[in-house]
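Novice: Numbering (my numbering), first residue to last: 387 to 664.
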Ligand SMILES: C[S@@+](CC[C@H](N)C(=O)[O-])C[C@H]1O[C@@H](n2cnc3c(N)ncnc32)[C@H](O)[C@@H]1O
């Protein structure tokens, strides 16, 4: 019977396959093998001569990675705000800059025990609603998405974090499925212009999670309309780096208390919080 290959040889082989195709091939080889074995970094370092079972499945993953499919979709796992979330094609892979949106919301609500209703438009994998529901234990969340596939993925994460009775999922567009009073609207909407040219690995992500219209900021505009019409007191929203002035222009002459923009770690405009009253 043929012996299973050793950790060190498997790592070398994966690195050799990926090296001509993607940067940081040896790191990616480690990440793929750790996910395959469900082991951590320390185990990998101290078990170089351990045999690896079921390598066929592992090399199917390597083939997918060699086609530039994002690692997160292959391993069905993504880290966000130091938590491990389930992810699959059908929902956008959470981006690190969206962690800043979470901090912004936390900053704007002084009482973390407040009883309030949050709505998230474009829940995707559920990362925003899950992290906020963990932080605000008395808040109720209604999370909307236009994609049934995204809602399936969000449901898995909501169950994983034991939040099924706190976050309700609704299929629909923008605030159409919401009749109730909303205290706080959060959104990381699609905000890229429809004709923007994107890197090839983005082709694996749902297009309706990325493209926000001909100009790109159409969905943000529609959400602002709804916030003003429904008098939603707080609205925190992620935006593209070049969309700040459009939002400032849009709000000229409108009634509100505060508008604060925030930047990402590279110093680009990345989002804002609009506050209507008190
Ligand atoms: C940029 S992704 C954000 C996903 C997740 N909240 C995150 O931050 O990683 C935008 C999400 O908005 C959803 N979406 C697009 N158009 C929508 C609409 N008109 N109404 C509700 N959701 C929409 C997409 O399906 C996608 O899940």
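All residues carry an ideal CB built from backbone N, CA and C; glycine is no exception.
Do residue 432 and residue 624 have their C-beta atoms within less than 8 angstroms of each other?
Specialist: For this step, residue 432 is matched to residue 46 along the chain shown. For this step, residue 624 is matched to residue 238 along the chain shown. Note that the C-beta distance between residue 432 and residue 624 is not below 8 angstroms.
Novice: With residue 598 and residue 575 assumed to form a contact (beta carbons below 8 angstroms), what rounded beta-carbon distance in angstroms separates them?
Specialist: Here residue 598 is taken as the residue at index 212 of the chain shown, counted from 1. Here residue 575 is taken as the residue at index 189 of the chain shown, counted from 1. The Cβ separation is near 6 angstroms, so the contact holds.
Novice: As a quick exercise: from 406, 516 and 606, pick the residue whose alpha carbon is nearest that of residue 559.
Specialist: Translated into positions along the chain shown, residue 559 becomes position 173. The residue with the shortest Cα to Cα distance from residue 559 is 606.
Novice: Any idea what DSSP makes of residue 530, helix, strand or coil?
Specialist: For the purposes of this step, residue 530 is taken as the residue at position 144 of the chain shown. Residue 530 falls in the strand class under three-state DSSP.
Novice: Say yes only if the C-beta of residue 626 is nearer than 7 angstroms to one or more non-hydrogen atoms of ligand 1, and no if none qualify.
Specialist: To locate residue 626, count along the chain shown from 1; it is residue 240. Not under cutoff, so the answer is no.
Novice: Under DSSP, the alpha helix (DSSP H) around residue 449 begins and ends at which residues?
Specialist: For the purposes of this step, residue 449 is identified with residue 63 of the chain shown, where counting begins at 1. The continuous alpha helix (DSSP H) containing residue 449 extends over residues 441-452.
Novice: In the DSSP assignment, the beta strand (DSSP E) including residue 501 goes from what residue to what residue?
Specialist: Here residue 501 refers to the residue found at position 115 when the chain shown is read from its first residue. Counting along the chain, residue 501 falls outside any beta strand (DSSP E), and DSSP gives it neither H nor E.
Novice: Can the beta-carbon of residue 453 be found less than 8 angstroms from the beta-carbon of residue 430?
Specialist: As a first step, residue 453 must be located in the chain shown, where it is residue number 67. As a first step, residue 430 must be located in the chain shown, where it is residue number 44. No, the Cβ-Cβ distance between residue 453 and residue 430 is not below 8 angstroms.
Novice: Give a single yes or no on whether residue 600 has its beta carbon closer than 7 angstroms to a heavy atom of ligand 1.
Specialist: In the chain shown, residue 600 corresponds to position 214, counting from 1. No, the beta carbon of residue 600 sits no closer than 7 angstroms to any heavy atom of ligand 1.
Novice: Could you tell me the boundaries of the beta strand (DSSP E) in which residue 624 lies?
Specialist: For the purposes of this step, residue 624 is taken as residue 238 along the chain shown, with counting starting at 1. Looking at the DSSP string, the run of the beta strand (DSSP E) that includes residue 624 is 620-624.
Novice: Residue 327 and residue 393: beta carbons closer than 8 angstroms?
Specialist: Residue 327 cannot be examined here, being either before or after the span of the chain that is shown, 387 to 664.
Novice: Starting from residue 553, follow the beta strand (DSSP E) in both directions and report where the run begins and ends.
Specialist: Position 167 of the chain shown, counting from 1, holds the residue named residue 553. Unbroken beta strand (DSSP E) run through residue 553: 553-557.
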